[in-house]
Amino acid sequence: MVDIRRLAPADAEIFREIRIEGFRNHPTAFGSGLANVIDQPLSFFESWLSDLNTYGAFDDNELVAVAAFAQGKGANVHHTASLIAVYARPQARGKGIMGRMVEIMCQDAKQEGIEQMSLCVVTDNQAAIKTYLKLGFERYGLARKAIKYDGQYYDEDLMVRFL
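Going by UniProt numbering, the residue at position 137 of the sequence shown is 137; the numbering climbs one at a time, nothing skipped.
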């Protein structure tokens, strides 16, 4: 049975491990690079977990997937949030775990007054795009050359779900 819950600062070490793994395995999926994460002290991850709504999926007490949402900071965008830091370990893929977690996150965000959740996803990540579409996200744009990794550019689909 997979347990999905919000992560707390006490989870910083396992959160750090899965974030580094995500950056190593899928460097084009994230805006910042591995170097920006790997050298951060544990306190950086504790702060992240204190400040952002970060969720984890645990399978037999092992953290197998993570995602977070960041609420808009300005008065005119406080009703919005961005889905960020999404990563599932290989053993968690294709099982609906991420879909369940994102659905829980959207429900929690709505209860907190958030009216829309947006995200960016590299256009060649068809499995993620399929999941997001199934969850009610819609494409509203394309960010050309949004990611540049190792000299190559990657486009991102811009998606939104109205809660």
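Just so you know, even glycine gets a beta-carbon here, dropped at the ideal spot from N, CA and C. Please read these numbers as outputs of a predicted model, since none were measured by experiment.
Other residues of its chain near residue i: CB distance less than 8 Å, five sequence neighbours each side excluded
i	result
Ala57	Val2, Asp3, Ile4, Leu63, Val64, Ala65, Val66, Ala88, Ala92, Ile97, Met98, Arg100 and Met101
Phe15	Leu7, Phe45, Trp48, Leu49, Thr54, Gly56, Leu63 and Val66
Lys148	Tyr154
Leu34	Ile20, Phe23, Arg24 and Pro27
DSSP three-state assignment for residue i, whether helix, strand or coil
i	result
Val64	strand
Leu163	coil
Asp124	coil
Thr133	For clarity, residue 133 is Leu in the given sequence; the question names Thr instead. Leu133 falls in the helix class under three-state DSSP.
Extent of the continuous alpha helix (DSSP H) to which residue i belongs
i	result
Gly99	Ile97 to Gln111
Boundaries of the beta strand (DSSP E) in which residue i is found, first to last residue
i	result
Ile114	From DSSP, Ile114 is part of no beta strand (DSSP E); its letter is neither H nor E.
Arg6	Val2 to Arg6
Arg144	Glu138 to Tyr149
Own chain, CB closer than 6 Å to residue i, minus 5 neighbours either side, in chain order
i	result
Gly50	Strictly speaking, residue 50 in this sequence is Ser, with Gly absent from that position. Same-chain partners within the cutoff: Pro9.
Glu46	Pro9 and Ala12
Arg139	Asp157 and Met159
Gly72	His78 and Thr80
Leu119	Leu83 and Met159
Asp59	Val2
Val86	Ala67
Inter-residue CB distance, residue i and residue j (contact presumed, cutoff 8 Å)
i	j	result
Ile20	Ile38	6 Å
Glu116	Arg161	For the record, residue 116 in the displayed sequence is Gln; it is not Glu. Going by Cβ atoms, the distance from Gln116 to Arg161 rounds to 7 Å, so yes, they are a contact pair.
Thr54	Tyr154	The Cβ separation is near 24 Å, so there is no contact.
Glu103	Leu133	Actually they are not in contact, since the Cβ atoms of Glu103 and Leu133 sit about 13 Å apart, beyond 8 Å.
Beta-carbon contacts of residue i that lie in its chain and below 7 Å, excluding the five residues immediately before and after
i	result
residue 178	Because the chain spans 1 through 163 in this model, residue 178 falls outside it and cannot be assessed.
Leu52	Ala68 and Ala70
Closer than 8 Å: residue i CB and nearest the ligand MN heavy atom
i	result
Pro90	In the structure on display, the ligand MN does not appear, and there are no ligands present to speak of.
### Task
Let me know the beta strand (DSSP E) ranges lying completely inside the segment 8-83, each 3 residues or longer, listed in chain order.
If we require 3 residues or more, the beta strand (DSSP E) runs fully inside the segment 8-83 come out as 53-59 and 62-71.
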